[in-house]
Ligand SMILES: Nc1ncnc2c1ncn2[C@@H]1O[C@H](COP(=O)(O)OP(=O)(O)O)[C@@H](O)[C@H]1O
Ligand SMILES: [Mg+2]
């Protein structure tokens, strides 16, 4: 459904100089700086997939989405969505896609929601019957009817997001792009939006690409994630594989009595293992000894028995690494993840 091959996007900007003097100098200078926002990215997404496109701020997520929606053209490489180059054939492409940007609405601010939908029906050439059927379905999954006659500006953020999602889906697009669809929403509304996305995907086999900072979105929606960092793809695969590869970190928190001894304590030394390989972090603060280790190479009881020989322990806690931390870890390691 989506084929992105070696896509690169450079933004060329006039060079900036500091200060007022610099601003004036900049006006008369022809010097340019080039920002490579997307750097040789390739992936294919099949029909019916829900893919999480994730990365830290400024990684190039929105730029990639804009290329896939046809708003921007790539500086290099090619992009095809449902067999169409979205930037060259924007009108045809518009029929195939729906887009929601979490940060701003695509609806008419002062009009009742119902009128926005009527306008969209005309824009997308939706037949009366298709409109009736789709509205019935959208009402069911997004519960729009409660505020359908209210002006968009009077809607709560959660209502507005449901309205935006409904508007993006009115013409039943093959591909749905969601840029931060749950940003700023409370848990109940988040849940509602996620359920709606799942139901739409199940009913129509809609392909969904979403960017998000919300680990919950990824865990509950995405069978596949693509991670980008500084414009480059650093991971493409299932969440399970990601967890297997990076999620073997365990943290053992031990409350200890003998503070002095614990502060100079090296379990790696005692266990006879190489610290940098098996024990990634050793932290000691306020009588809490935290040992972070690779669960593939060491077992908690192994460490525990060793430590207990040396130090008196009053409490124990074992924690698996959270997905959020795994993702952070990947950012830190950059291209090592591929
Ligand atoms: N229109 C633009 N002109 C210049 N630089 C841009 C433009 N759009 C984005 N960038 C830069 O490209 C990089 C990627 O931006 P973006 O795709 O918005 O990242 P993300 O959505 O992952 O936060 C950032 O460094 C950003 O400043
Ligand atoms: Mg963005």
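Numbering (my numbering), first residue to last: 235 to 572.
C-beta: ideal position from N, C-alpha, C; glycine also.
If you're wondering where the values come from, they're calculated on a predicted model, not measured in any experiment.
If you run the structure through DSSP and keep just helix, strand and coil, what is residue i?
i, result
"residue 305", "coil"
"residue 526", "strand"
"residue 293", "coil"
"residue 569", "In this prediction, residue 569 has a pLDDT of 38, which is less than 50 and means its spatial position is unreliable; what the coordinates show is noted afterwards. Residue 569 falls in the helix class under three-state DSSP."
"residue 491", "coil"
"residue 329", "helix"
Residue j and residue i - do their beta-carbons sit closer together than 8 Å?
i, j, result
"residue 354", "residue 403", "no"
"residue 490", "residue 441", "no"
"residue 273", "residue 465", "yes"
"residue 239", "residue 296", "no"
"residue 374", "residue 406", "no"
"residue 383", "residue 348", "yes"
"residue 452", "residue 459", "yes"
"residue 298", "residue 331", "no"
"residue 529", "residue 483", "yes"
Sorry if obvious, but does the Cβ on residue i come closer than 7 Å to a heavy atom of ligand 1?
i, result
"residue 302", "no"
"residue 188", "No statement about residue 188 is possible, as the shown extent of the chain runs from 235 to 572 and does not include it."
"residue 297", "yes"
"residue 282", "no"
"residue 291", "yes"
"residue 311", "no"
"residue 269", "yes"
"residue 286", "no"
"residue 471", "no"
"residue 245", "yes"
"residue 336", "no"
"residue 294", "yes"
Between residue i and residue j, which are expected to be in contact by the criterion C-beta below 8 Å, what is the C-beta distance as a whole number of angstroms?
i, j, result
"residue 289", "residue 463", "6 Å"
"residue 284", "residue 455", "5 Å"
"residue 524", "residue 487", "5 Å"
"residue 249", "residue 266", "6 Å"
"residue 414", "residue 337", "6 Å"
Could you check if residue i belongs to the surroundings of ligand 2, using beta carbon to heavy atom distance under 7 Å?
i, result
"residue 445", "yes"
"residue 274", "no"
"residue 413", "yes"
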